[in-house]
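These protein sequence lines map, in sequence, to chains A, B and C. Each residue of the first sequence is one higher than the one before, starting from 11 at the first, in our numbering. Each residue of the second sequence is one higher than the one before, starting from -13 at the first, in our numbering. Each residue of the third sequence is one higher than the one before, starting from 18 at the first, in our numbering.
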Amino acid sequence: MSYLTVIGLEVHNELKTNTKIFCSCKNEFSLEPNTNCCPTCLAMPGTLPLLNKQAVEYAIKAGLALNCDINTVTQWDRKNYYYPDLPKAYQLSQLYHPLCLGGYLEINTENGIKKIRINHIHLEEDAGKLVHSEFSGSLVDYNRGGVPLIEIVTEPDLSSAEETLTFLENLKALLKYIGVSDVKMEQGSLRCDVNISLHKAGEPLGTRIEMKNLASFKAVQRAINYEVKRQTEVLESGGKLVQETRRWDDAEGRSYTMRTKENAQDYRYFPDPDLVPVNVSREFVQQVKETLPMLPKARAQKYVEEFKLPQYDAEILTSDRILADFFDECVLTFDNPKMISNWIMTEVMRKLKEQNSEDIVLPLKADNFAKMLKLYADNVINQNAAKTMFEYMWDKDSNADPKTLIEKLNLGQISDEGELQKILTEIIKNNPAAADDLRNGNKKATAFFVGQAMKATKGKANPKTVNELLEKLL
Amino acid sequence: MINQEELKKIAVLSRLELNEEELISFENDLNKALDYIDKLNELDTNSVEPTYCTPINVEDLREDVIKPSMDRELLLQNAPEQEDGAFKVPTVVE
Amino acid sequence: MQKKTLVEIIELLNKKQVSSEEVVSGCLKQIEKNTHLNALNYVNSKDALNSAKKIDERRQKGEKLGLLAGVPIVLKDNICVQGIPTTCSSKMLQNFVPQYTATVVTKLLAEDAIIIGKANMDEFAMGSSNETSFTGKVLNPIDNEYVPGGSSGGSAASIAANFAYAALGSDTGGSIRQPAAFCGVVGVKPTYGAVSRYGVVAFASSLDQVGPITKTAQDAALIFKIISGKDELDITSCGNSNLKLNQDFSFKGKKIGIPKEFFDQITDNDVKNTMNQELKKLENQGAEIIELSMKTLEYAMPTYNVLASAEAASNLSRFDGIKYGYRSDNFDDLLSIYFKSRSEGFGYEVKRRILLGNYMLTSACFEKYYIKAQKVQTLIKNTFLQAFEKCDLIVTPTSATPAFKFGEKQNDKVAMALSDVFTVPVNIAGNAAISIPAGLSSKGLPIGLQIIAPHFGEQMMFDAAQAYERLSK
Chain A
11 MSYLTVIGLE VHNELKTNTK IFCSCKNEFS LEPNTNCCPT CLAMPGTLPL LNKQAVEYAI
71 KAGLALNCDI NTVTQWDRKN YYYPDLPKAY QLSQLYHPLC LGGYLEINTE NGIKKIRINH
131 IHLEEDAGKL VHSEFSGSLV DYNRGGVPLI EIVTEPDLSS AEETLTFLEN LKALLKYIGV
191 SDVKMEQGSL RCDVNISLHK AGEPLGTRIE MKNLASFKAV QRAINYEVKR QTEVLESGGK
251 LVQETRRWDD AEGRSYTMRT KENAQDYRYF PDPDLVPVNV SREFVQQVKE TLPMLPKARA
311 QKYVEEFKLP QYDAEILTSD RILADFFDEC VLTFDNPKMI SNWIMTEVMR KLKEQNSEDI
371 VLPLKADNFA KMLKLYADNV INQNAAKTMF EYMWDKDSNA DPKTLIEKLN LGQISDEGEL
431 QKILTEIIKN NPAAADDLRN GNKKATAFFV GQAMKATKGK ANPKTVNELL EKLL
Chain B
-13 MINQEELKKI AVLSRLELNE EELISFENDL NKALDYIDKL NELDTNSVEP TYCTPINVED
47 LREDVIKPSM DRELLLQNAP EQEDGAFKVP TVVE
Chain C
18 MQKKTLVEII ELLNKKQVSS EEVVSGCLKQ IEKNTHLNAL NYVNSKDALN SAKKIDERRQ
78 KGEKLGLLAG VPIVLKDNIC VQGIPTTCSS KMLQNFVPQY TATVVTKLLA EDAIIIGKAN
138 MDEFAMGSSN ETSFTGKVLN PIDNEYVPGG SSGGSAASIA ANFAYAALGS DTGGSIRQPA
198 AFCGVVGVKP TYGAVSRYGV VAFASSLDQV GPITKTAQDA ALIFKIISGK DELDITSCGN
258 SNLKLNQDFS FKGKKIGIPK EFFDQITDND VKNTMNQELK KLENQGAEII ELSMKTLEYA
318 MPTYNVLASA EAASNLSRFD GIKYGYRSDN FDDLLSIYFK SRSEGFGYEV KRRILLGNYM
378 LTSACFEKYY IKAQKVQTLI KNTFLQAFEK CDLIVTPTSA TPAFKFGEKQ NDKVAMALSD
438 VFTVPVNIAG NAAISIPAGL SSKGLPIGLQ IIAPHFGEQM MFDAAQAYER LSK
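The structure is reproduced here in structure tokens:
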């Protein structure tokens, strides 16, 4: 009989506040060590922590987006241990009264929608960084020390590497969406520890093993698969698993024991006397709630119901906040959501793919883009011209008003029958064989003449008019 | 009460190296102290809340405004050992 | 000139009857003559004289100057001043020079005070006789065979020996009041939160307060007014500096509470007689002496032992030989840097408290000791709250005995147990208290009288203290 996998996660996210959590140093990555530091984040004697309001706000925002209850009083506790990257020799964290309790995130699995419950979310401070020196020894850089983190702890509701990945991807997208974190795992703004245990159906939960040092989603997947295999082998051979923390080595593709429960640290948690408890009023929580954008799922629903967009399109548009905001802005200028959606899904997505970056950068101005589409819809310009204008606005000048671009790029559509007739007559005269084909009903010939008309008019001919005239003339 | 084995563990937690003499001396001192501290059990505190400080309202917390950091040179002035702008320690084995 | 009070010397300076340079020179000479006291870890001679000269110039020009312009002040060596060594009288910080200044000092400097020296103290403020200092013990100026008290022994001795006109100390379990009493000067522990702790090396964060040590209560009130107030750099600070100076005060009709159980247990006759005498004085002025039952006070010391050592153990963990402070030469890997630096850098008493504190915080002990102590703390706070419903101020001897001789762990066991019973509860409850000289023992050693006020009751406390002072003149 095979084993059931039970997985719980502890996900750390750096919050993108301006300053660190307990001092006013810049919260910004810097290559030069110790350049964003002060006596406080260096734990010099006599210095005291000053809690950053924005960090609390962002943490509450994350809690609300994950359907948590926000505690009315929250408190700070000291987690005492020694490591060079921890200047105070204790980390300020929240054990006894974390900021957010309960909550959940729904994910799509092959068996339908699954609710992954959140145990709690708490705030804590990040530690500095250790790098190896060129000569012997290690170097400590405290730039990252004091960066605000939220730790999101799930219940052990995940049952496979796939589910875990889906959860992480959804969580990452959500946190990015609400604007509290950059969630770049490779850069360390999102980190994940995984707790795994195996048990047979109907039997109690197995020994829980913690995995650390997972630096990418791929690593998470590999680590889980490896660990499930390893644990299964131990159990099937009659061995016993020990509750421990293991370190994942992605290069080698295996995990190592880091520490067992016996030699686990006693962190001697106690309430920090320098930071008083914080009253979190319901008014404040409400204010934060109002800064929450409509979340992707609800937003997609709105697009389906209000704008009658297909579900698939709605999901693409709401997959990134920037895209969805852009779409909304366009619709305000030009009330044709279907057309705007089509263009975003085709032309805009194409350009974005070329960018080849994780973060979307939209050089377009929504109002100009929408105006351009309206011109196209009103037949003032044709499709070619619209595409040309689009490329120009994207690559060269997003501030350009489409109306001025018509002249500037010579894109005005020619719909004048007289003028077009003259041109077509000329083309027909010069291409008797093709003309015969057309008369005989060859569709390809139509395209040929339209193409030629476009050529002659430098792309400005109104294709509808051309088609009508062709019929008339031939 | 605390015995020498436990005391050794506490010493490790405290990052203190104790010789034989100190172990005995501290064992005595700590047990004397614990004896005296046991006095607290004479008081019935079943219906008493632990002291808490006056809380602060979230609205009154520090604003998220950047202030200039301190010059790295000044920060490193008291460093026992430094290299390339960082604090130096013996190699840390992961 | 050396014997003048702070208020008197300010007046002389303002009237230009004496220059700041003269005043500072005078103090420096006094310090030089008394190096045997070992009261100072650092003498700021050059800077102090330069500052004095500058202030004199400004005064000549008729510029507006601060309230303390040109007056030399001593700071306990756990208070950080940019560019001046702050050692906490520990090997661990022997060469530490902070690049930031404590708020209390910023406030004094804003009033143009002059820092003349950093005072010797018990190592990391742990001790009550200034015998645990790495830089050697401090002698009591009244009688050199006796301890000055601690941990602010150097600060108290500095004032008693006329090194300066005011000093700052820190008080976690009596560390300002007891040395003030032993040295025959005034010492104040403000209400917790009245004065900022930013820049003061932390011992027990929920109990520490910085306060003035001066020759008179009038002097202390002035210093307190200047250093108190909510500081944005310290979330736990919440005071204001609205103290009104030089107010009239009459003891008539005032209710003075005394904790009967402990008064009855005083064995030192000198202290007993002095207290009776002084209380009679107050009665003669129309005060009503009310006997209070404050049984929980005797649990303040074990409560303090738990909470202070736990917080201290955590606060001192940052001394690891990596970012600042002492680093051993005997290390071979990272772990040994921690063990060696801390073992070589800390003295015995500090280690004892770290060990006790970390033990208190282990998961096995946390509920049993730490939470229990916090509950008893609530009881003690309530005792004071209830007491102040019955009286305006509480009066006790500051210490159950006068100063004791060096190395002499007091032989009277009962006296030993009582030695902190009057001071420590005030820290646990967070109240304000002042120690004022009340008389001398048969050996000529000072005896201090303590006035305890309700939370943020410094106004009445200083008013009463000054009125009491006037009685004794």
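For glycine and all other residues, C-beta sits at the position ideal for the given N, C-alpha and C.
When the beta-carbon positions are compared, V288/A and L47/B come within less than 9 angstroms of each other. Using a CB distance cut-off of 9 angstroms, E254/A does not count as an interface residue toward chain B. Interface residue (Cβ-Cβ distance to chain B less than 9 angstroms): T29/A is classified as such.
For P41/B, the nearest beta carbon of chain A is closer than 9 angstroms to its own beta carbon.
With a beta-carbon spacing of about 13 angstroms, G156/A and F39/A fall beyond the 8 angstroms limit used to define contacts. The C-beta distance from I27/C to I90/C rounds to 12 angstroms, too long to meet the 8 angstroms contact threshold. Listed along the chain, the chain B residues whose CB falls inside 8 angstroms of the CB of K36/A are I52 and S55. Under the Cβ criterion of 9 angstroms, F336/C is counted among the residues facing chain A. Taken through DSSP and simplified to helix, strand or coil, E486/C comes out as helix. Counting along the chain, N322/C sits inside the alpha helix (DSSP H) bounded by residues A317 to N332. Scanning chain B for C-beta atoms nearer than 7 angstroms to the C-beta of P108/A yields nothing, as the closest lies near 15 angstroms away. DSSP, reduced to helix, strand and coil, places P306/A within a helical segment of the structure shown. Contact between A53/A and K98/A holds: CB atoms are separated by about 4 angstroms, below the 8 angstroms threshold. Contact between T149/C and E366/C holds, since their C-beta atoms are separated by about 4 angstroms, short of 8 angstroms. One thing to note: Q476/C has its Cβ within 9 angstroms of the Cβ of K261/C.
Cβ atoms of G167/C and S146/C come within 8 angstroms of each other, at about 5 angstroms. With a threshold of 9 angstroms between beta carbons, T284/C makes no contact with chain A. Exclusion of the five residues before and after A380/A leaves C340, T343, F344 and I350 as the residues of its chain whose Cβ lies within less than 7 angstroms of its Cβ.
For G456/C, the three-state secondary structure derived from DSSP is strand. Between A237/C and F473/C, the gap from beta carbon to beta carbon reaches 9 angstroms or more. Exclusion of the five residues before and after T15/A leaves S169, S170, I206, L208 and V238 as the residues of its chain whose Cβ lies within less than 7 angstroms of its Cβ. For F405/C, the enclosing alpha helix (DSSP H) covers residues K389 to K407. Uninterrupted beta strand (DSSP E) stretches at least 3 residues long and entirely within the region 162 to 216 of chain A occur at 200 to 209, given in chain order.
Contacts between D94/C and chain A, judged by CB atoms closer than 7 angstroms, are missing: the closest CB pair is about 12 angstroms apart. Neighbours of L(-1)/B in chain C, taken as residues whose beta carbon is under 8 angstroms from its own, are N375 and T379 in chain order.
Under DSSP, A183/C takes part in a beta bridge, and its partners are I90/C.
Annotation: I244/C to V203/C spans about 16 angstroms, alpha carbon to alpha carbon. Among the bridge pairs identified by DSSP, E6/B is matched with none. Beta-bridge analysis with DSSP links H142/A to S148/A.
For S353/C, the uninterrupted alpha helix (DSSP H) segment begins and ends at L351 to G362.
Chain B places a beta carbon closer than 9 angstroms to that of Q64/A, counting this residue as a contact. Scanning the region 118 to 196 of chain C from its first residue to its last, the whole beta strand (DSSP E) runs of 3-plus residues come out as 131 to 136 and 183 to 188. Interface criterion met: the Cβ of E45/B is under 9 angstroms from a Cβ in chain A.
Within the same chain, Cβ atoms closer than 6 angstroms to the Cβ of A317/C are found at I397, V441, P442 and I445, the five residues on either side in sequence being excluded. A Cβ of chain A is located within less than 9 angstroms of the beta carbon of S222/C. Within the model, the alpha-carbon separation for G216/A versus S247/A is close to 15 angstroms.
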